[in-house]
Amino acid sequence: MADLVPSRIEVRDLTLMYGHDTVLDALNLPIPRGKVTVLAGPNGCGKSTLLRAIRRLHTGQKGQILLDGIDIASLGAKDLARQIGLLAQNPSAPPDMTVEELVRLGRYPHQAMLQPWSEKDGVAVNRAMDGTGVTGLKHRRIGSLSGGQLQRAWIAMVLAQETDVICLDEPVNHLDMAHQLDCLDLVSKLNKEDGRTIVLVLHDLNLAARYADQLVFVHEGHVRALGQPEELMKPELLAEVFEVDAAIMTDPVHGRPICIPRGRAKAAVKELA
Amino acid sequence: MSTLAVTAPAGRRFGIGAIVLIIVGLFVLLTLAAIAFGSTWIPLETVANVILGGGEKTEKLVVWQLRMPRVMAAAIAGAAISFSGYLLQRITRNELASPGVLGVVDGAALGVVLFLAIFSNESNALTVSVAWQPLAAAIGALTAISLVFILSGRQSSSAIRLLLFGIAIAAVAKALTTVFMLVGPVYQAAQAARWLAGAVNAISWSEIQIMAICLVPTVLVALWLAKDLPPADLDDVSSRSIGLNLPVYRIAVFFVAAVLTSIAVAFVGGVGFLGLIAPHLARLLVGRSRFAGILTSCLLGAMMLIGADLLVRVVFTPLEVPAGTVTAIVGAPYFLFLLMRKDKTNG
Numbered sequence: 006m007a008d009l010v011p012s013r014i015e016v017r018d019l020t021l022m023y024g025h026d027t028v029l030d031a032l033n034l035p036i037p038r039g040k041v042t043v044l045a046g047p048n049g050c051g052k053s054t055l056l057r058a059i060r061r062l063h064t065g066q067k068g069q070i071l072l073d074g075i076d077i078a079s080l081g082a083k084d085l086a087r088q089i090g091l092l093a094q095n096p097s098a099p100p101d102m103t104v105e106e107l108v109r110l111g112r113y114p115h116q117a118m119l120q121p122w123s124e125k126d127g128v129a130v131n132r133a134m135d136g137t138g139v140t141g142l143k144h145r146r147i148g149s150l151s152g153g154q155l156q157r158a159w160i161a162m163v164l165a166q167e168t169d170v171i172c173l174d175e176p177v178n179h180l181d182m183a184h185q186l187d188c189l190d191l192v193s194k195l196n197k198e199d200g201r202t203i204v205l206v207l208h209d210l211n212l213a214a215r216y217a218d219q220l221v222f223v224h225e226g227h228v229r230a231l232g233q234p235e236e237l238m239k240p241e242l243l244a245e246v247f248e249v250d251a252a253i254m255t256d257p258v259h260g261r262p263i264c265i266p267r268g269r270a271k272a273a274v275k276e277l278a
Numbered sequence: 070m071s072t073l074a075v076t077a078p079a080g081r082r083f084g085i086g087a088i089v090l091i092i093v094g095l096f097v098l099l100t101l102a103a104i105a106f107g108s109t110w111i112p113l114e115t116v117a118n119v120i121l122g123g124g125e126k127t128e129k130l131v132v133w134q135l136r137m138p139r140v141m142a143a144a145i146a147g148a149a150i151s152f153s154g155y156l157l158q159r160i161t162r163n164e165l166a167s168p169g170v171l172g173v174v175d176g177a178a179l180g181v182v183l184f185l186a187i188f189s190n191e192s193n194a195l196t197v198s199v200a201w202q203p204l205a206a207a208i209g210a211l212t213a214i215s216l217v218f219i220l221s222g223r224q225s226s227s228a229i230r231l232l233l234f235g236i237a238i239a240a241v242a243k244a245l246t247t248v249f250m251l252v253g254p255v256y257q258a259a260q261a262a263r264w265l266a267g268a269v270n271a272i273s274w275s276e277i278q279i280m281a282i283c284l285v286p287t288v289l290v291a292l293w294l295a296k297d298l299p300p301a302d303l304d305d306v307s308s309r310s311i312g313l314n315l316p317v318y319r320i321a322v323f324f325v326a327a328v329l330t331s332i333a334v335a336f337v338g339g340v341g342f343l344g345l346i347a348p349h350l351a352r353l354l355v356g357r358s359r360f361a362g363i364l365t366s367c368l369l370g371a372m373m374l375i376g377a378d379l380l381v382r383v384v385f386t387p388l389e390v391p392a393g394t395v396t397a398i399v400g401a402p403y404f405l406f407l408l409m410r411k412d413k414t415n416g
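Chains as they are written, first to last, in this note's numbering: chain A, 6 to 278; chain B, 70 to 416.
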């Protein structure tokens, strides 16, 4: 599907180990330019590790990750930070830091030694705060924000970084339903309006299927399947990867596939085998 | 929630400026007072007159040779230790971090005790000049911090690993110090005990010069490193994502903090709690602002050590109680208060 457009990021034969545990095993993954790629998989499958490896927060023992054909291992810390942004799973900042201070930190990779803060930085910060609706909160302290406000402030920080690729590690984990949709709609808007390449790790399969252009099932350190949500949301695949016995339907509102789990799929797996 | 929230940055910035000015003023006053007070009282205007180049011969002698060196030493060492504490509290994101936990102070102590043990003859006299004692302290301190880094090995970028190894090295150094003091001659034990408590009474101008010469480049490096402190305020993943090379940066800050403290304790001894309290108070007073925070914590640290030395001179004369005893007596309860307050906010 995405073969027509050259991939923005190409993960090649990536093997990554923690001590003696192989977390990613010769994994290959293309991430298409200007699309939303969602990594999904059961706990411990390596999806978060993969996301962090793409941002070079972990380095693999073998293989490489190419950004527009260039090995990210050869890029400088700030250079890479101007191209790939990442929102951590549980980010934390001092509670007495203000929202504006936090968002300004997103400009860190753009600041040179002798020219610390430019007009361009100010514009980027204001745009990031406007885009996430935190302008009104800019003098508030981090410690005084609600969960939804806090998440938006962090997304604003990542936006201020003005990277073309944005990675988000389970961005909706601690949010209620309305704020989950707010957050993902915002991400989707960034993709559609600015053409940014988005890589998301999501736990909720139905949200994954709804927002993904390319859905990726990571299983035991491998990419088990990738493609459009319609291609991946199949009962056999869900039984294998997620060990659930699920019925697949089409969401009447968005026309995307949704799954309704009946229960664990031990039996189903055995039958398949 | 909203009472905490609304703060006008302009007002805050003005507030910080005013607070810093007040602290600078207090610092000047305390410095003058510390020179004026002592076994004899010298009026403030005489002190000012002597500093500006006037005064009689005896006044000059007392001010320049007796009072000034210890006040200067207290100011410089107090500031250096507090700067070190400020860096450590920021980089570990922990307000209870202090130079003491790096093993630097106890390493220096061990250096001093070893020096006294090795260079003494049978009649308890030192076989070399006591002027070498600061060098022994510095070697001890730098050995301790090097061991902390070597033992942490590949994990030295993790703040908690460094702190744990620092505490372990400090404990070992402390135990060895005690052993050497117990097996060594009584004179040595007394001399070592004075150093351990921290005192500025015996310091000379040439020692102050050496201390200042060592500190200038270290402070410049520290200030240069301090520009990257804000991104390091975030969690590890976030600060690395915005392009800070956190593992390298953290090691550099730890190392510079260790050197700052080493230089100070080499000359004035194991002054306790300054490096914990001064940066903490500074943060309470001026908030997160970096350079105001550094300046305030240096001034507060300097004032604390000058004040402690002044108290010692005024209250305990003619007994020469080490100034470090005073900082410890005042500092320990403050530390306990911090711990209890932290429990409260966590609970």
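Glycine included, C-beta positions come from ideal geometry on N, C-alpha and C.
Bear in mind the structure is a predicted one, so any value in this text is a computation, not a measurement.
- Residue-level contact by beta carbon fails for residue 122 (chain A) and chain B, as no gap is shorter than 9 Å.
- Along the region 278-311 of chain B, going in chain order, the ones with a CB nearer than 9 Å to a CB of chain A are 296, 297, 299, 300, 302, 303, 304, 305, 306, 307, 308, 309, 310 and 311.
- For residue 205 (chain A), the closest Cβ of chain B is not nearer than 9 Å.
- Note that the C-beta distance between residue 315 (chain B) and residue 359 (chain B) is not below 9 Å.
- Of all residues in the region 87-121 of chain B, none comes within less than 8 Å of chain A when Cβ atoms are compared.
- In this structure the region 270-284 of chain B does not touch the region 349-356 of chain B; the number of beta carbon pairs closer than 8 Å is below three.
- For residue 42 (chain A), the secondary structure class from DSSP, reduced to helix, strand or coil, is strand.
- Here the region 207-215 of chain A makes contact with the region 252-268 of chain A; the two share three or more CB pairs at distances below 8 Å.
- Look at residue 98 (chain A): its C-beta is under 9 Å from a C-beta on chain B.
- According to the DSSP assignment, residue 188 (chain A) belongs to the alpha helix (DSSP H) that extends over 182-199.
- Here residue 102 (chain B) has 113 and 379 as same chain residues with Cβ atoms under 8 Å from its own Cβ, once five neighbours each way along the sequence are excluded.
- One alpha carbon belongs to residue 180 (chain B), the other to residue 312 (chain B), and they sit about 40 Å apart.
- With a minimum length of 4 residues, the unbroken runs of alpha helix (DSSP H) contained wholly in the region 297-322 of chain B fall at 298-301 and 305-310.
- Cα atoms of residue 128 (chain A) and residue 104 (chain A): separation of roughly 16 Å, rounded to the nearest angstrom.
- Selection B:247, B:377, B:157 and B:154 evaluated against residue 178 (chain B) yields B:247 as nearest (Cα-Cα).
- At the C-beta level, residue 153 (chain A) and residue 133 (chain A) stay beyond 9 Å of one another.
- Looking at the backbone, the Cα of residue 289 (chain B) and that of residue 151 (chain B) are separated by about 15 Å.
- Per DSSP, the beta bridge partners of residue 264 (chain A) are A:253.
- Contact of residue 83 (chain A) with chain B is assigned, a C-beta pair being separated by under 9 Å.
- Within chain B, the C-beta atoms nearer than 9 Å to that of residue 110 (chain A) come from 299, 300, 302, 303, 307, 308 and 311, in chain order.
- For residue 283 (chain B), the enclosing alpha helix (DSSP H) has its first and last residue at 274-295.
- Within the same chain, and ignoring the five residues on either side of residue 168 (chain B) in sequence, the residues whose Cβ sits closer than 7 Å to its Cβ are 150, 153, 154, 157, 174, 326, 330 and 344.
- Taking a C-beta cut-off of 7 Å against chain A, the contacting residues of the region 333-364 of chain B are 356 and 357, listed in chain order.
- DSSP places residue 222 (chain A) inside the beta strand (DSSP E), whose first and last residues are 219-224.
- Comparing alpha-carbon positions, the option among A:66, A:61 and A:91 lying closest to residue 80 (chain A) turns out to be A:61.
- Residue range 170-174 is occupied by the beta strand (DSSP E) that includes residue 172 (chain A).
- Contact check for residue 73 (chain A) against residue 13 (chain A) passes: the beta carbons are separated by less than 9 Å.
- Bridge pairing for residue 37 (chain A): A:12 [DSSP].
- Non-local beta-carbon contacts of residue 172 (chain B) in its own chain, meaning distances under 7 Å to residues more than five positions away in sequence, involve 213, 214, 217, 235, 238, 239 and 242 in chain order.
- Annotation for residue 90 (chain A): the continuous beta strand (DSSP E) segment containing it runs 89-92.
- Taken atom to atom, the span from the alpha-carbon of residue 268 (chain B) to that of residue 114 (chain A) is near 45 Å.
- One alpha carbon belongs to residue 384 (chain B), the other to residue 338 (chain B), and they sit about 21 Å apart.
- Under the three-state reduction of DSSP, residue 31 (chain A) is assigned to strand.
- In the three-state reduction of the DSSP assignment, residue 372 (chain B) falls in the helix class, which pools H, G and I.
- DSSP, read as helix, strand or coil, puts residue 365 (chain B) in helix.
- For residue 163 (chain B), not one C-beta of chain A is nearer than 9 Å to its own C-beta.
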